[in-house]
Structures are given as C-alpha cells and as structure tokens.
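**Q** Mind the numbering: the sequence shown is residues 267 to 950 in my numbering, read in order.
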Amino acid sequence: MTNKLGNLVLDRWVDGDGDGTLLSSAVTGEPVANITSTGLDFAEVLNHARTVGGANLRKLTFHERGEMLKALAKYLMEHKKEFYALSTETGATRGDSWVDIDGGISTLFVYSGKARREMPNDHVYLDGPPEVLSRDGTFIGQHIFTPKLGAAVHINAFNFPCWGMLEKLAPTLVAGVPAIVKPASSTAYLTELMVRRINASGILPEGALQLICGSVGDLFDHLNCQDTIAFTGSKGTAEFLQQHPRVIGESVAFTAETDSLNSSILGPDALPGTPEFDLYIKEVTREMTSKAGQKCTAIRRIIAPATIAGELVEALAKSLGEIRIGNPANKDIDMGALASQGQRDEVRDRVDELSHQADVVYGGSDDFEVIDADRDKGAFFMPTLLHCEKPLTSNTVHSVEAFGPVSTVLPYTSIDEAIELSRLGEGSLAGSIITNDDAVARELILGTAAYHGRMVVINRHCAAESTGHGSPLPHLIHGGPGRAGGGEEMGGIRGVKHYMQRTAIQGSPQTLTAIGSRWIRGADENDPGVHPFRKTFEQLEIGDTFVSETREITLEDIQHFAEFTGDTFYAHTDEEAAAKNPFFDGRVAHGYLIVSFAAGLFVDPDFGPVLANYGVDDLRFAQPVNYGDSLKVRLACKQKTLRAGTGYGEVRWDAEVTNQEGDTVAQYDVLTMVATDEQWASVQ
Ligand code: NAP
Numbered sequence: 267m268t269n270k271l272g273n274l275v276l277d278r279w280v281d282g283d284g285d286g287t288l289l290s291s292a293v294t295g296e297p298v299a300n301i302t303s304t305g306l307d308f309a310e311v312l313n314h315a316r317t318v319g320g321a322n323l324r325k326l327t328f329h330e331r332g333e334m335l336k337a338l339a340k341y342l343m344e345h346k347k348e349f350y351a352l353s354t355e356t357g358a359t360r361g362d363s364w365v366d367i368d369g370g371i372s373t374l375f376v377y378s379g380k381a382r383r384e385m386p387n388d389h390v391y392l393d394g395p396p397e398v399l400s401r402d403g404t405f406i407g408q409h410i411f412t413p414k415l416g417a418a419v420h421i422n423a424f425n426f427p428c429w430g431m432l433e434k435l436a437p438t439l440v441a442g443v444p445a446i447v448k449p450a451s452s453t454a455y456l457t458e459l460m461v462r463r464i465n466a467s468g469i470l471p472e473g474a475l476q477l478i479c480g481s482v483g484d485l486f487d488h489l490n491c492q493d494t495i496a497f498t499g500s501k502g503t504a505e506f507l508q509q510h511p512r513v514i515g516e517s518v519a520f521t522a523e524t525d526s527l528n529s530s531i532l533g534p535d536a537l538p539g540t541p542e543f544d545l546y547i548k549e550v551t552r553e554m555t556s557k558a559g560q561k562c563t564a565i566r567r568i569i570a571p572a573t574i575a576g577e578l579v580e581a582l583a584k585s586l587g588e589i590r591i592g593n594p595a596n597k598d599i600d601m602g603a604l605a606s607q608g609q610r611d612e613v614r615d616r617v618d619e620l621s622h623q624a625d626v627v628y629g630g631s632d633d634f635e636v637i638d639a640d641r642d643k644g645a646f647f648m649p650t651l652l653h654c655e656k657p658l659t660s661n662t663v664h665s666v667e668a669f670g671p672v673s674t675v676l677p678y679t680s681i682d683e684a685i686e687l688s689r690l691g692e693g694s695l696a697g698s699i700i701t702n703d704d705a706v707a708r709e710l711i712l713g714t715a716a717y718h719g720r721m722v723v724i725n726r727h728c729a730a731e732s733t734g735h736g737s738p739l740p741h742l743i744h745g746g747p748g749r750a751g752g753g754e755e756m757g758g759i760r761g762v763k764h765y766m767q768r769t770a771i772q773g774s775p776q777t778l779t780a781i782g783s784r785w786i787r788g789a790d791e792n793d794p795g796v797h798p799f800r801k802t803f804e805q806l807e808i809g810d811t812f813v814s815e816t817r818e819i820t821l822e823d824i825q826h827f828a829e830f831t832g833d834t835f836y837a838h839t840d841e842e843a844a845a846k847n848p849f850f851d852g853r854v855a856h857g858y859l860i861v862s863f864a865a866g867l868f869v870d871p872d873f874g875p876v877l878a879n880y881g882v883d884d885l886r887f888a889q890p891v892n893y894g895d896s897l898k899v900r901l902a903c904k905q906k907t908l909r910a911g912t913g914y915g916e917v918r919w920d921a922e923v924t925n926q927e928g929d930t931v932a933q934y935d936v937l938t939m940v941a942t943d944e945q946w947a948s949v950q
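1) In this structure, how does DSSP classify Asp640 when only helix, strand and coil are distinguished?
2) Alpha carbon to alpha carbon, how far is Gly809 from Gly881?
3) Under 8 Å Cβ to Cβ from Ser517, same chain only, skipping five residues before and after it: list those, please.
4) When every heavy atom of ligand 1 is checked, does at least one fall within less than 8 Å of the C-beta of Phe328?
5) Measure the beta-carbon distance from Pro386 to Ser783 and round it to whole angstroms, keeping in mind my assumption that it falls under 8 Å.
6) Excluding the five sequence neighbours on either side, which residues of its own chain have a C-beta within less than 7 Å of the C-beta of Trp946, listed in chain order?
7) Using a threshold of 8 Å, is the CB atom of Ala603 nearer than that to any non-hydrogen atom of ligand 1?
8) The alpha helix (DSSP H) that contains Lys906, what's its start and end?
9) Cutting at 8 Å between CB atoms, please list the residues of its own chain near Pro775, excluding the five before and the five after it.
10) Name the DSSP beta bridge partners of Gly697, please?
11) List the endpoints of the continuous beta strand (DSSP E) containing Met766.
12) What residue from Glu683, Thr701, Val722 and Val675 has the CA that sits closest to Ser694's CA?
13) Quick one: does the C-beta of Asn425 sit closer than 8 Å to a heavy atom of ligand 1?
14) Between Thr498 and Ala418, is the Cβ-Cβ spacing less than 9 Å?
15) Report yes if the CB atom of Lys557 is closer than 9 Å to the CB atom of Asp362, and no otherwise.
16) Can you tell me whether Glu791 is helix, strand or coil according to DSSP?
17) On the DSSP letters alone, give me the boundaries of the beta strand (DSSP E) that Asp870 sits inside.
18) Give the secondary structure of Leu274 by DSSP, where H, G and I count as helix, E and B as strand, and everything else as coil.
19) In whole angstroms, what separates the C-alpha of Leu477 from that of Ala639?
20) DSSP on Ser518, reduced to helix/strand/coil?
21) Across the segment 573-589 and the segment 686-702, are there enough close Cβ pairs to call them in contact, namely three or more that are closer than 8 Å?
22) Just to confirm, does Thr503 get its C-beta within under 8 Å of one of the non-hydrogen atoms of ligand 1?
23) Do the CB positions of Gly644 and Ala595 come within less than 9 Å of each other?
24) What first and last residue would you give for the alpha helix (DSSP H) that runs through Pro541?
25) Considering only residues of the same chain and omitting the five flanking positions on each side of Tyr546, which have a CB-CB separation below 7 Å?
26) Please classify Glu841 as buried or exposed, where buried requires at least 16 neighbouring CB atoms within 10 angstroms.
27) If you follow the beta strand (DSSP E) that Tyr836 is in, where does it begin and where does it stop?
28) Are there three or more Cβ pairs, one per stretch, closer than 8 Å when the segment 316-325 is compared with the segment 436-443?
29) When you compare each of Gln623, His622 and Phe647 to Asp632 by their alpha carbons, which one comes out closest?
30) Which stretch, first to last residue, makes up the alpha helix (DSSP H) that contains Val579?
31) According to DSSP, is Thr924 helix, strand or coil?
32) So, using beta-carbon positions, are Cys562 and Thr503 closer together than 9 Å?
33) Counting only the same chain and skipping the five closest in sequence on each side, list residues whose C-beta sits under 7 Å from that of Asp277.
34) Just checking my contact of Val706 with Ile681 at CB under 8 Å: how many whole Å lie between their CB atoms?
35) With distances taken between CB atoms, is the gap from Ala864 to Asp929 smaller than 9 Å?
36) Note down the Cα distance separating His622 from Glu683, rounded to an integer number of angstroms.
Following this line, the structure appears as structure tokens:
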C-alpha cells in the first residue's frame, strides 16, 4: 500500500482507520497516497482548537502574531523545493506551482506586515472613532473587535493545495483564532506535506493548527456560535453545508467561495491592431491555460464586440495553438494536467453540455500532442474555445462551469448588452475590462461592479505591471456575490475581521480608554510631573498630559508667516477680501501657522527620548483664529505601539488647540517615535 496521509490532531500525527481512498498522480496515474480520517474524534479536535489553540493565540498581540507569520513564511521558503517537487503530481507546471506555493507564502508575509503596520500591538482592535452619545460626553460608545472563542474550520478546494490553505490561515492566525484545515482529497498530499513542515517548525503554538485529510466526519455536529467556517469549492457543496442544522441553529459564521462564470469584456475601442486587443489575447490565453484553467477566477466568458468576433476567435485559436501541453516537470511545457482523471471526465461532460448552445471553435478533441507524458494515463485536456452566437438567450454559457481550460466567446452589439451579458453570470469572483477608453471603463464598472467581488481594468498604461484578471491578492478582497458564494476573504485587515466579533461597548471615556488602550477625550488627563517628552516609551502612560502656556497671535505673525512661506492667500493678507468670505470677519491666521505655533508651545526642546515627529493624522481647523487671539495646546498621550526590536515605539498624541474662550480651534493627532528605555540608555 502507498503512504497513508497523516491527520494532525491534538498536536499529534494520527493515521485514519482502514485503507481509505487511493489518490493518483494527475500526470502518470500512478498511486501517490491513501487518504482517510476515519476513526478521528472530531469533537475532541474542535475542543482542542478552542481550549488549547485559541487560548495560546490570544495570549499574543496582533504584532506578535504578525511576527509569527513572518517566521513561518521564512521557514516555508527554505523548504519550498520539496513542495515544488510534489506539486507536479497535481498536474501543475512550475508557473502554476509558483502561484500556489510562493503565492501562498507571500500571503503570509503580506499579512505579517499588515498586522504589524495596521493593527495595534494589543489584543483589541478598535473599529473607528468613539461615538459621542451624551450631551456632556461622559457616556460614549466604541466598536471593538475581539477574537472569536471558537475554531475556524477551513474547507478548501483541490486546485490550490498550498495557497488555498495559507490565504485562509494568515488572517485567521492574525485574528487569534485556531484553524482546522480540511484540504480537498485529490491534492491533499501537498497540503499535508506543507502542514508537516509547519508543524516541525514549532513556530505555531500548540493547538493553533490541525489538519484533517479525508472526511470531516461528524465535526459539524459539534460546531457552536463561536466557530467560523470558510469554504471554497462548488456551490452545491456550499449549499449542502450551509443547511446543516448546527450551522443554522448556532448561527455559525459561514463564508463561501464557490463557482464563478467570470467574464472579461473587450471594449469597443480595443479593435484588432490596438495594443489592447493584443493584451486581451494574451490575458485570455493565460487565464484559460494557467493551472490548466482550474482557477475559480479564470475567464469563462469572453465578451467581445460582435463586429470583430471572427478575428478574435482566429487570434485566440492561434494563440492557444502555441500552448505546449504535457508533463509539468518538463520546463518547456506551458500547460500541465487537470488534477485528476475524474476532473478531466467532468470537464469533458461540461463541454458537451455547453456545446448544445455554443460551437466548439478550437480544441474539444482527444487528439492532441502531449509532450513527455502518456496522454491516456494523465489527466490532460486540450484548451477548448467555444463561440455562442446568441448569448443573450443561451443560459448554459452563463451557468455551466467547465473547471478546466475552457472558455466561450459571447459577442455584444452595445455597451448595455455587454453589461447585461456580464450580469447573466449572476455573481462572479473576478471580472476584467480591457479598454483604453476611460468613459467606457466607468460605464462598464458602474453597470457590473455589483455583480463582482473584484474587477480589473487593463490597458496599455498599466498592462506591464498589471497582476492580471485572475490573481487574487491578499491586499484586495477575494469573493463575490450570488453564484460566487456571497463570501469575502482577504482584503487586508478586512479578512482578519471575519474571525473576530464586533461588539459595541458603551461607558465613560475613562472606562473605554482602559478597554481599548486608546485615550479618548473626556478621560483622565494625568499630570506626569515632568514634560511627557522627557519620558521613554515604557515610562509614558496613556493619558499623560501636557498643557502649554498661551501665546497671542499678532497681525505681524500672520504677515511674517505669509511672506516667509509664500502662502499669501487673500484670507491672510487682504483685510477687505477676507471680510467678504462668508467664514471670516477679516484676515485670519493660516491653519499651518496655528499648527506651527502649537508645536512651539508643546515641545520640550532638549535632547530626549522623543526621536522624531513622523506626521499628523485627522487635522481639522475648527474655527478661524484672528489676530489678537490667544492660543494654548493640550497634548495627551493617546496610543502607544511598540515596534519590537527597533529600539523605539510609536506614540500618538491627541493635540487640541484652544483660544482664549476655551473653544477648540484645531485638533489632530501628532505622531512621534519615542525611544525605549534600552535605546535611550544607550545614547546618553
Ligand atoms: P467540492 O466538491 O465542493 O469540494 C470542495 C471541498 O469541500 C473539498 O475539500 C471537499 O472535500 C469538501 N467537501 C465535499 N463534500 C463535503 C461534505 N459533505 N462535508 C464536508 N466537506 C465536503 O468542489 P470541487 O469540485 O472539489 O472544487 C471545484 C469547484 O470549486 C469549482 O466549482 C470551482 O469553481 C470551485 N472553486 C472556487 C474557488 C473560489 O475561491 N471561489 C476556488 C477554487 C475552486 P473532498 O475533496 O474530500 O470531497
């Protein structure tokens, strides 16, 4: 018997009972592994995730979780040769494997960076500013995100055994939630290898990651309201799982990424001879053939001007004819095999179905050259192009997904018709528009965006750097409405929030400051005894406040500032003109003069732990300042973010500038970098 895939449960590698199912190479048809999860105690698996994994992860801050992902990504990079070697058995060429393996690892890197840059070094993520709920501001509201206290169950599709796991794992771990990964059986051997390496690295805390190779048994019967399911696969399976009584009864969060009949629209301007036409041919060819068309984002519907449909078909057929099909381990190959023989038969059936309403204009044959492999033993399939003459009245081309190198040309006669055809897909993950006419791009985007999760407009100006139609990116959301499952993944920190609970917290500014570790106006203003700029990062406390002396603004100050900076805008230099302005009674001080004077009022000038000011956030000038007004500043330490290993931390200060009446004239956050104890001691 071949090697039986392991299940990583309760931090141990366990074999399922019995022989399980045999998995074969997509290229040679030879056995690769057996898979079974029979006999596992799925209730225990969930319990271990919740009680051990969740508890361990929640001890870490968002930044520590980000550091963990970075360490993991680096570790996996060191082992990627093994992943590449095994990946060929799935039918993937080197380029396909790059998307899966390097693409997956880079998702870890991106999430690591985002967690450390965009989230606090804390356990609570604040969602927006506080909401003032009372007249005197003693009772306010703040939305916060905290990790769900359950497990994230990840059910993945067969086409991206590495990326499919890592794109879900990265945001889950940043959220502080443990994952139970169930890869699709046919390519689970590659996921298992990667999980073996992750486990061996010892980088993740106990219970953070478990792997089920095979069926999930009765796991769903033990789900509760703190668990999350993230599913990728077919619409039918998603619907079946979403209807599980436990999912319904416990309102278990369910994100689905399913089938998609993605379209790419060629603009009416992009006629043969234009760079956009050539780009379109390249893009469609690449989308049809990379990963042998087994991409949920691949272009399935080619929406093009009817006037050039013939030339388009001809150009695409020529381009597809140049694709070399065969053993993906051979570096001269452009397209490998489908993931399994079963998958090949499935695609063949779907092409038959499509051909009732569309003509096969290229491919669709079993008679094609396969290089360096046996066509009958491997799951090879010829790129196949169809043409549907009446796409508005043909429903098959908008509803049948052949999950392989298959696409259909759908001609349109007006922009409205192109929009209608695109919408007939009833919800897609990705859409693209190839045009050099920005007015057309806007019209098409406004007409179709609501049916898409992501859209890309490609033309000669961005093509060289474009990531293309079918590449989901960790920075951008991946998911789509309707047929695409209605889910959403990634999208930077948005993806982390899927695994957290948003809660509205109400209370006093002081209480909410303590909960969120961010100072809120109305909370205590501590007198630290010394100027807060004399304190190191560790010594500073949230709420440490400095109140400045006052300074009067004179007409000479305004004139001097205008001449010195060159900002001689009439409101600062022309009394009569300024008075005609509905907001002013006469000449007023420059906003930047107020901010500059404020800095002069609040800084402690001597050499100290404050290293630099790196900007301001949310600057607002609330009222005009006239000459003769007296200003003072209140500066409160608002938020501290340690930059581990750098010798400094970021400190955000709440600055409020008031006039002699006590009215706020300007408010903003001052952003500084402050030395740690160690760093400060080393430079004194
Ligand atoms: P599938 O049959 O729905 O399988 C998807 C996953 O669900 C696999 O891990 C599968 O495990 C699991 N599964 C199936 N039945 C289950 C059950 N009763 N309980 C728990 N898990 C169950 O999909 P597929 O045919 O393998 O994948 C191809 C489809 O996925 C295509 O339609 C494609 O469009 C879609 N897809 C979508 C995306 C996206 O991001 N939207 C990405 C890739 C693929 P087993 O393999 O063990 O059955």
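All C-beta atoms in this analysis are idealised placements derived from N, C-alpha and C, irrespective of residue type, glycine included.
**A** In this structure, then:
1) coil
2) 20 Å
3) Cys491
4) no
5) 7 Å
6) In chain order, Thr802 and Pro875 place their CB closer than 7 Å to the CB of Trp946, counting only its own chain and leaving out the 5 sequence neighbours on each side.
7) For ligand 1, not one heavy atom lies less than 8 Å from the Cβ of Ala603.
8) Here Lys906 belongs to no alpha helix (DSSP H); instead the beta strand (DSSP E) covers Ser896 to Arg909.
9) The residues are Pro396, Gly403, Thr404, Ile406, Ile786, Arg787, Gly788 and Ala789.
10) Met721
11) Met766 to Gly773
12) Val722
13) yes
14) no
15) yes
16) coil
17) Taken as a continuous stretch (DSSP letters only), Asp870 belongs to no beta strand (DSSP E), as it is neither H nor E.
18) strand
19) Spanning the two alpha carbons is a distance of roughly 33 Å.
20) The sequence shown places Val at residue 518, rather than the Ser named in the question. Coil, per DSSP.
21) no
22) yes
23) no
24) Pro541 to Thr555
25) Leu532, Ala536 and Ile700
26) Exposed, because fewer than 16 other Cβ atoms sit within 10 Å of the Cβ of Glu841.
27) It is not in any beta strand (DSSP E) - Tyr836 instead sits in the alpha helix (DSSP H) that spans Tyr836 to Thr839.
28) yes
29) Phe647
30) Ala575 to Gly587
31) strand
32) Taking C-beta atoms as the reference points, Cys562 and Thr503 fail to come closer than 9 Å.
33) Glu472 and Gly473
34) 7 Å
35) no
36) 22 Å
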